[in-house]
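The listed protein sequences correspond, in order, to chains G and A.
The opening position of the first sequence corresponds to residue 28 in the working numbering, with each subsequent residue numbered one higher.
The opening position of the second sequence corresponds to residue 28 in the working numbering, with each subsequent residue numbered one higher.
Idealized CB from N, CA, C, for every residue including glycine.
As structure tokens, the structure follows; a few thoughts come after it.
Number of protein chains: 2
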Amino acid sequence: MPVLTNIERCSRYEGQEVELRGWLYNRRKSGRIAFLQLRDGTGIIQCIAEKSVLGEELFTRIRRLPQESSLVLRGTVGADPRSPSGFEIRVTGVEVIQEAQPYPITKKSHGTAFLSDHRHLWIRSRRQQAILRIRHLAGRAIRDYLDDNGFLLLDSPILTPNACEGTSTLFATEYFGRPAYLAQSGQLYQEAGAMAFGKTYCFGPTFRAEKSDTRRHLTEFWMVEPEVAFADLDDTMDLCEDFLVQVVGRVLQDGLAHLQVLERDLSPLQRVRKPFPRISYDEACLRLARLGTPVEPEDDFGAPHETALANSFDRPVMVHRYPRAVKAFYMKADPENPARALGVDVLAPEGYGEIIGGGQREDDLSELEAQVNRHGLPMSAFQWYMDLRRYGSCPHGGFGLGFERFVTWLCGVPHIREAAAFPRTLERLEP
Amino acid sequence: MPVLTNIERCSRYEGQEVELRGWLYNRRKSGRIAFLQLRDGTGIIQCIAEKSVLGEELFTRIRRLPQESSLVLRGTVGADPRSPSGFEIRVTGVEVIQEAQPYPITKKSHGTAFLSDHRHLWIRSRRQQAILRIRHLAGRAIRDYLDDNGFLLLDSPILTPNACEGTSTLFATEYFGRPAYLAQSGQLYQEAGAMAFGKTYCFGPTFRAEKSDTRRHLTEFWMVEPEVAFADLDDTMDLCEDFLVQVVGRVLQDGLAHLQVLERDLSPLQRVRKPFPRISYDEACLRLARLGTPVEPEDDFGAPHETALANSFDRPVMVHRYPRAVKAFYMKADPENPARALGVDVLAPEGYGEIIGGGQREDDLSELEAQVNRHGLPMSAFQWYMDLRRYGSCPHGGFGLGFERFVTWLCGVPHIREAAAFPRTLERLEP
């Protein structure tokens, strides 16, 4: 009886007969021998089928089998130093489960629109598999880091009653006769969580109906948002730094084979080590002027500024104390300069831009009320949030990391759409 | 210098001075001594403050401090066999970070509406903390089980273009000029995932705009949906069984203290062992008739049937091969009786009802097309899904577990709303 296993584990069964279940990824023929590349989601392995073993009829069928036909294949595992996995299979039997129709994704290069239309099939290709495996490993590393450091996963709601930061970039729905909106962030709920549990996080989908069709934007994306009670801006920056060092380190360790498939230059990831440079917005502006990419006074950074700034360091850089006017209402003012907010952005190297935004939150009730009024927000919608300042307020902070943008950078791929299994952009809601 | 730590770790520092940061949970006074219950999200500990140590002014302030005031407290850790944690703190210093306003949740019993309006504060109470800790542990156990068993986490999209199973229970939104809907399930996308990766799962929020206001329904809830290629109904039932045994076992192991806070009867959880009874729908109908809860012929089960059936077994029961007419279009027909679908529901004990629904999917293209037509669904919307049957189709199956319903049962609480941090129901979209 052959051992039922998968391609990843084949190496354990050298010299034994195994049974694999998968799909025909590629094949070439050479007289009485057919070389079949079998994929099963855990890897790809070369399988050598001989006419003398399979017989005329089955061999002829195998030789003509369309790509992506599903197979149950039995054979003997042998070492093969020429193969990427180090092993190959000498086929002893094949059962064709389904003979595929001619597969639409061929070796010729397809346009992005075509591949995106066939995303449900495109994810079978080696490169897309490597990206989505890195996504999986990065997600696991993030959860493990937070869980192991005392954070409670507290899922923030998606359906929310108020358009807290204006309705223009929100998706709206009708909720049993009332308006509701899809959350852009779970942070405010995490602040309630931190006051209850000390440290919490959410890691779920968030939504932005932004009309920006860039390689950095999705309309639906996952975000991880940890929040910590009794933490100030410095504590928050320490957390950003430790989080990134640990998570990137774990992805490098567990995902090396996938990064190699992507031909990822590992050195920018290997340089993610403590300490990250920490510079203020004002210092960053001086540096940007010297670099020939000046910023308008008191203005937020655009993508060119982020790229120029990040390129001037060898690892992620933390920029803190932005102008309060360009940042969200809940950020705490810098007591040493009330025109500056105690916020921090972490910029990734290689032009990948801001991957983390965070900071210390306003914990004083009257200051926060003044901010809500200053931003023209509806006070009634924030009464529950104000309660967090009425009953046991304390310094607290946290951050948000855009997960797909992070994965895009880890993989070194040019466009964020490849970092999601079924990406949603301005132009695309299918498949 | 006191050691900065938290309540959970205090036991490591017996005889030493520690610094804790948290909130006043309760207090009582007795002359020159004040007993403060401090909570910090990791636990609750009794702290003994003496006038002779703190001085008249601070002691007087402490004695009057409102519940939920935030504190930094220093003191010496001592063993105290009478305390639930086994330890207490002899206070050496207290810093009041914020003196809370009078806290709205008092010892008197509040109605559910009041507590739900104050959900952002209610989650600070001991019972709610225990439930949300069990939720966290159950979520981690689920992810670890699947990750350790070769499943890839492949997030299904939330925004979807088609109302696959009718619009009546869907939340709709406008997606840049077109209609879009919030997904009720990620399963169809997981089928694409399983054909690409062998085994995948999603674990994210799903949405049902159902007008059923029961103790079992939320409009927004998390669902975990694993899917496996080359798996039939029996394989799927094996997976359900192993999944529940392992996850419940891990929660019992890691979450015992929280289950004890909830005074959960552990025996129904301890009885979650293999093998689960597996009975067909037809067998279940005979049993229900004997139990005095007959089912209309070919009808689906209602809550009373699920409860009666589950109560007749000592552990979760798997009911398979329901009438095809009451099940979704994608279920594979039983080759031995085409009126039955190769689906399975897992019913939890103690009246908690269906926690898992799953089964084997239709893998034959023409059968699936016929089903889409039979259900009056728009074929064009399913072309991508049909592709999975055109290119390497194979027997495959999986299931969906409603996470909050599962947590409600684990905790033995009467209403599903306590299993979510910020539950959404027919009547409630806040806070």
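{"Query": "Rounded distance between the beta-carbons of E252 of chain G and G425 of chain G, thought under 8 Å", "Result": "6 Å"}
{"Query": "Where V353 of chain G falls, given that 16 or more other Cβ within 10 Å makes a residue buried", "Result": "exposed"}
{"Query": "Contact under 7 Å by Cβ, S420 of chain A with Q125 of chain G", "Result": "yes"}
{"Query": "Given Y349 of chain G as reference, the closest of G:S143, G:I306 and G:L286 once Cα atoms are compared", "Result": "G:I306"}
{"Query": "Cutoff 8 Å; reference F114 of chain A; Cβ partners in own chain excluding five residues on either side", "Result": "C37, S38, E41, I72, V104, G105, A106 and D107"}
{"Query": "Beta carbon of S183 of chain G nearer than 7 Å to that of G213 of chain G", "Result": "yes"}
{"Query": "Residues sharing a beta bridge with K354 of chain G, DSSP", "Result": "Per DSSP, none; premise fails for K354 of chain G."}
{"Query": "C-alpha distance - N400 of chain A paired with G120 of chain G, whole-angstrom precision", "Result": "38 Å"}
{"Query": "Buried versus exposed, by CB contacts within 10 Å (16 or more), T139 of chain G", "Result": "exposed"}
{"Query": "Chain A contact for L215 of chain G (CB, 7 Å cutoff)", "Result": "no"}
{"Query": "8 Å Cβ shell around I116 of chain A - same chain, five flanking residues per side excluded", "Result": "C37, V45, L47, L65, I72, Q73, C74, I75, L100, G102, T103, V104 and G105"}
{"Query": "Proximity test, Cβ basis, 7 Å: R54 of chain A and chain G", "Result": "no"}
{"Query": "Chain G contact for H147 of chain A (CB, 7 Å cutoff)", "Result": "yes"}
{"Query": "Closer than 7 Å to chain G by CB, G425 of chain A", "Result": "no"}
{"Query": "Contact under 7 Å by Cβ, Y130 of chain G with Y418 of chain A", "Result": "yes"}
{"Query": "Limits of the unbroken alpha helix (DSSP H) element including I150 of chain A", "Result": "No alpha helix (DSSP H) contains I150 of chain A, which DSSP labels as neither H nor E."}
{"Query": "Test: S96 of chain A CB closer than 7 Å to a CB of chain G", "Result": "yes"}
{"Query": "7 Å Cβ cutoff met for P441 of chain G and D390 of chain G", "Result": "no"}
{"Query": "Residue of G:L266, G:E247, G:W249 and G:F248 minimising C-alpha distance to A256 of chain G", "Result": "G:L266"}
{"Query": "Anticipated Cβ contact below 8 Å, G429 of chain A with M250 of chain A, distance rounded", "Result": "6 Å"}
{"Query": "Min CB distance D67 of chain A to chain G below 7 Å", "Result": "yes"}
{"Query": "Residue-chain proximity (C74 of chain G, chain A), Cβ-Cβ < 7 Å", "Result": "no"}
{"Query": "Touching by the beta-carbon criterion (3+ pairs, under 8 Å), the region 262–280 of chain G and the region 158–168 of chain G", "Result": "yes"}
{"Query": "Below-7 Å beta-carbon distance, Q287 of chain A vs any chain G residue", "Result": "no"}
{"Query": "DSSP three-state assignment for N338 of chain A, whether helix, strand or coil", "Result": "helix"}
{"Query": "Separation of A408 of chain A from L453 of chain A, as counted between CA atoms", "Result": "29 Å"}
{"Query": "Host beta strand (DSSP E) of H137 of chain A (start-end)", "Result": "Per DSSP, H137 of chain A belongs to no beta strand (DSSP E) and is neither H nor E."}
{"Query": "Bridge-paired residues (DSSP) for N53 of chain G", "Result": "G:Q64"}
{"Query": "First through last residue of the beta strand (DSSP E) which encompasses E41 of chain A", "Result": "It is not in any beta strand (DSSP E) - E41 of chain A carries neither H nor E in the DSSP assignment."}
{"Query": "Start-end ranges of the alpha helix (DSSP H) lying completely within the region 230–308 of chain A, minimum 4 residues", "Result": "260–281, 283–288 and 294–297"}
{"Query": "Which residues DSSP lists as bridging R388 of chain G, in chain order", "Result": "G:M358"}
{"Query": "Distance CB(T200 of chain G)-CB(F328 of chain A) smaller than 7 Å", "Result": "no"}
{"Query": "Whole-Å CB distance - L315 of chain A paired with A335 of chain A, under 8 Å assumed", "Result": "6 Å"}
{"Query": "Interface residues of the region 427–438 of chain G facing chain A [CB-CB below 7 Å]", "Result": "none"}
{"Query": "Beta carbon of A446 of chain A nearer than 7 Å to that of V434 of chain A", "Result": "yes"}
{"Query": "Beta-carbon spacing of R243 of chain A, I443 of chain A below 7 Å", "Result": "yes"}
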